[in-house]
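> Residue numbers (the working numbering): 29 to 106. All C-beta atoms, glycine included, are put in the ideal place defined by N, C-alpha and C. Predicted model only: the values in this text are computed from it and were never measured.
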């Protein structure tokens, strides 16, 4: 599975080749691990702390807001 991450200040753009599990869902980020849609993904590098972001799952965009590693993702309507 390929995971791409880009950071600009406290904003992250994450691209993950995984099917979304819902239109709105909660996921966790801790160091180099993401718990997302019932799966635990271990990354080769530690993710920087971010508060807002964009999560792209299977080419579907989700707006993300995080606090202390707890994140909420909501499907963007385009």
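(1) Taking residue 101 as part of the beta strand (DSSP E), name the residues at either end of that continuous run.
(2) Would you decide whether residue 81 is buried or exposed? Buried here means 16 or more other CB atoms lie within 10 Å of its CB.
(3) Under 8 Å by Cβ, that's how I've got residue 40 and residue 78 pegged, so tell me the actual separation to the nearest angstrom.
(4) Using the C-alpha atoms, what's the distance from residue 96 back to residue 58?
(5) According to the neighbour-count rule (16 or more other Cβ atoms, all chains shown, within 10 Å of its Cβ), is residue 44 buried or exposed?
(6) Secondary structure at residue 55, three-state DSSP: helix, strand or coil?
(7) Do you know how far the Cα of residue 38 is from the Cα of residue 68?
Considering the structure as presented:
(1) As a first step, residue 101 is located in the chain shown; it is residue number 73 there, counting from the start. Residue 101 -> beta strand (DSSP E) spans 98-103.
(2) Locating residue 81 in the chain shown gives position 53, where the first residue counts as 1. Buried is the call here.
(3) Taking the chain shown and counting its residues from 1, the one referred to as residue 40 is at position 12. Taking the chain shown and counting its residues from 1, the one referred to as residue 78 is at position 50. Right, the Cβ-Cβ distance comes to about 4 Å (below 8 Å), so this counts as a contact.
(4) For the purposes of this step, residue 58 is identified with residue 30 of the chain shown, where counting begins at 1. For the purposes of this step, residue 96 is identified with residue 68 of the chain shown, where counting begins at 1. The alpha-carbon atoms of residue 58 and residue 96 are separated by roughly 9 Å.
(5) Walking along the chain shown from the start, residue 44 turns up at place 16. The residue in question, residue 44, is buried, as its Cβ has 16 or more Cβ neighbours within 10 Å.
(6) Taking the chain shown and counting its residues from 1, one reaches residue 55 at position 27. Note: residue 55 maps to strand in three-state DSSP.
(7) Your numbering for residue 68 matches position 40 in the chain shown. Your numbering for residue 38 matches position 10 in the chain shown. Taking the straight line joining both Cα atoms gives about 23 Å.
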